[in-house]
Amino acid sequence: MIRPDTQGRNPPVSRNVTSPETQDWRRQIATEVAGIDSILKFAAKGDLPAVIKNLADKPSLLNAMSQGHHRTLLWEAANGNRMEVVRYLVEKGADVNIPGRYRSETFVLLKPYCIAERRKRKQVAEYLLENGTEIDIYSAAFLGELEILKKRTEEKDNSANILHPDDSVWNVVPLHYAVAGEQIQTANYLIQMETDVLKHSELLLDMACRLGRMDLVHLLVDAGADPSKTPVFSVVYKGSPGIMEFLFGQGVDVDKKDKVTGWPPIAYVSRGDKGEHPGKVKSLVEYGADVNAFGPRGVTALHAAAKAGFVTVIEVLLGAEADINAKMISGETPLALAKKHKRTAAEKLLKENGAVA
């Protein structure tokens, strides 16, 4: 369904971006976004009096959306199973078809009904379905509603490749929704409907890895997804041993640095703020990772592990012949970092293996 432009959306392309009217419009939108972000928590917690008060003060927040991920008051209430708040908002005229998300949890924008179904909020889901929710092609793919999906794909040519109109963060088609919903059947159908799987390789495989779904990974690769496009950090952190073996065997670059932070996987997983993961470090070594690959400031995996005091990780790295005296840009060695951060056990182990400060 095409809805009127609402608070928090990007301006239409035809808008004169330098005109005073547009500048006023942008200030208004920024104000609405800031306003909704500050009161979403009340809907999530089920604080109906606070929701009522805030809407009385500013009625325009009823359908306002959080920046980027489009969460509305109704979406938060549905996600939190707050039936009383859901009913109040719908009776006030809240749009039940505005989708939203928490990026790390659902990947894709979901209507309040879909998130209620996902969370098994049965009463909330039934109420939203009875009060105007439209099961569009994306929702049908996510929920595994194959018959509805077939009907929706027949309504428009090449519908399997139409980008979701509301997502300003990622380019997603119905197949992304099937994968996010872990729906093999609807994913298979959309592939048969000639979804351009290769074009969307990176995000599709990222989702499948993060969900730990080996069957979806295989389905996507068999359908033409390029395994080398899989984000290596998703393979390492979320992928099962089977997924790691398959994708590294299919050409995923085990040393590919993160395009934002510049960290290579083996150094990243050795960092103190990531917890100690000797198993992951060992797996990376087994799949051919460069143990001396460095990230920002010349930090190698051994530098990171020494600073954190991760003795088991240090043992794995030394066993793989990591450079025990590698120097950061600052000139610091792993032993120097162990001493500096008072990692006594790590310092002892490094000295026993010939390290110098």
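Sequential numbering of the sequence shown, starting at 852, is according to our numbering.
Glycine included, each C-beta is placed from N, C-alpha and C at the ideal position.
**Message:** Using only the alpha-carbon positions, how far apart do LEU1055 and GLU1203 sit?
**Reply:** Residue mapping note: residue 1055 aligns to position 204 of the sequence shown, counting from 1. Residue mapping note: residue 1203 aligns to position 352 of the sequence shown, counting from 1. Cα to Cα, LEU1055 sits roughly 46 Å from GLU1203.
**Contact check, ILE1165 vs ALA1197, beta carbons under 7 Å** = Taking the first residue of the sequence shown as position 1, residue 1165 is located at position 314. Taking the first residue of the sequence shown as position 1, residue 1197 is located at position 346. Yes. Within cutoff.
**Item:** Candidates ASP1057, LEU1071, THR1163, PRO1078: closest to VAL1120 by CA position
**Value:** Start at 1 with the first residue of the sequence shown, and residue 1120 comes out as number 269. The residue with the shortest Cα to Cα distance from VAL1120 is THR1163.
**Asked** PRO950 and LEU940 look like a contact to me (Cβ under 8 Å); what is the Cβ gap, rounded to whole Å?
**Response** Mapped onto the sequence shown, residue 950 falls at position 99. Mapped onto the sequence shown, residue 940 falls at position 89. That belief does not hold up - the Cβ atoms of PRO950 and LEU940 are roughly 15 Å apart, past 8 Å.
**Prompt:** If you count every other CB in all the chains shown that lies within 10 Å of the CB of GLU968, and 16 or more means buried, which is it?
**Reply:** Locating residue 968 in the sequence shown gives position 117, where the first residue counts as 1. With 16 or more Cβ atoms within 10 Å of its Cβ, GLU968 is classed as buried.
**Request:** Return the Cβ separation of LYS1089 and ARG1061 in integer angstroms, given the expectation that the two are a contact with Cβ distance under 8 Å.
**Result:** Counted from its first residue, the sequence shown places residue 1089 at position 238. Counted from its first residue, the sequence shown places residue 1061 at position 210. Correct: roughly 4 Å between the Cβ atoms.
**Item:** Integer-rounded CB distance, given that THR1081 should sit under 8 Å from VAL1103
**Value:** Your numbering for residue 1103 matches position 252 in the sequence shown. Your numbering for residue 1081 matches position 230 in the sequence shown. Contact holds; Cβ gap of about 5 Å.
**Request:** Could you spell out the range, first to last residue, of the alpha helix (DSSP H) harbouring LEU899?
**Result:** Position 48 of the sequence shown, counting from 1, holds the residue named residue 899. It spans 899 to 908 - the alpha helix (DSSP H) in which LEU899 sits, taken as one unbroken run.
**Request:** Go ahead and pull the three-state DSSP assignment for THR1151.
**Result:** For the purposes of this step, residue 1151 is identified with residue 300 of the sequence shown, where counting begins at 1. Correct three-state label for THR1151: strand.
**Request:** With DSSP as the reference, please indicate the residues paired to PHE1145 in a beta bridge.
**Result:** Position 294 of the sequence shown, counting from 1, holds the residue named residue 1145. THR1151, per the DSSP bridge assignment.
**Prompt:** By DSSP, does GLY886 sit in helix, in strand, or in coil?
**Reply:** Within the sequence shown, the letter at position 35 stands for residue 886. GLY886 falls in the helix class under three-state DSSP.
**Three-state secondary structure (DSSP) of LEU1062** = Here residue 1062 refers to the residue found at position 211 of the sequence shown. Note: LEU1062 maps to coil in three-state DSSP.
**Asked** What's the C-alpha gap between GLU1127 and PRO1116?
**Response** Residue numbering aside, residue 1127 sits at position 276 when the sequence shown is read from its first letter. Residue numbering aside, residue 1116 sits at position 265 when the sequence shown is read from its first letter. Spanning the two alpha carbons is a distance of roughly 14 Å.
**Asked** What separation, rounded to the nearest whole angstrom, lies between the Cα atoms of GLY1032 and PHE893?
**Response** Here residue 1032 refers to the residue found at position 181 of the sequence shown. Here residue 893 refers to the residue found at position 42 of the sequence shown. About 27 Å.
**Request:** For PRO1025, count neighbouring C-beta atoms within 10 Å of its own C-beta (all shown protein chains included) and say buried if the count is 16 or more, exposed if not.
**Result:** Looking up residue 1025 in the sequence shown gives position 174. Burial call: buried.
**Prompt:** In or out: GLU1183 buried (at least 16 other Cβ within 10 Å) or exposed?
**Reply:** To locate residue 1183, count along the sequence shown from 1; it is residue 332. GLU1183 comes out buried.
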